[in-house]
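K.L.:
For the sequence shown, position 41 matches number 44 in our numbering, and the numbering has no gaps at all.
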Amino acid sequence: MDPALLWIAATLLVALGVAGVVVPGLPGIPLVLGPFAGAVIGEFSARGSLARAGRVGVATWLGMLLGGAAKLALVISMIAVFALRRFA
Numbered sequence: 004m005d006p007a008l009l010w011i012a013a014t015l016l017v018a019l020g021v022a023g024v025v026v027p028g029l030p031g032i033p034l035v036l037g038p039f040a041g042a043v044i045g046e047f048s049a050r051g052s053l054a055r056a057g058r059v060g061v062a063t064w065l066g067m068l069l070g071g072a073a074k075l076a077l078v079i080s081m082i083a084v085f086a087l088r089r090f091a
């Protein structure tokens with residue numbers, strides 16, 4: 004078998020292996036960066052100021068983060084109330 008053909012096949016297999024490791028981790032990225040990018044693009048297209056669009060994007064991301072923390076706090080408090088009512 005030709006060494007160049009073996010090298011191409013090995014390179015292809017390595018590329019597929021790397022893709023198999025990297026691609027499953029990608030679906031979570033749009034969940035984090037999507038609201039930021041959408042807010043920046045929307046604000047920039049509406050107002051035309053990149054600095055303001057960046058601030059809006061950061062504020063959107065912080066709002067998403069604080070909203071997630073509030074939901075987590077509510078879930079923990081509901082579980083605590085249930086546990087106190089059920090087991091106390």
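Glycine included, each C-beta is placed from N, C-alpha and C at the ideal position.
With H, G and I counted as helix, E and B as strand and the rest as coil, what does DSSP make of residue 30?
P.N.:
Coil at residue 30, not helix or strand.
K.L.:
Quick check on the burial criterion: 16 or more other C-beta atoms within 10 angstroms. Buried or exposed for residue 59?
P.N.:
Buried.
K.L.:
Under 6 Å Cβ to Cβ from residue 56, same chain only, skipping five residues before and after it: list those, please.
P.N.:
Cβ neighbours of residue 56 beyond the five flanking positions: 43, 46 and 47.
K.L.:
Relative to the C-alpha of residue 39, which residue among 62, 91 and 72 is closest?
P.N.:
When only C-alpha atoms are compared, the closest one is 62.
K.L.:
Could you check the C-alpha separation between residue 68 and residue 32 for me, to the nearest Å?
P.N.:
C-alpha separation (whole angstroms): 15 Å.
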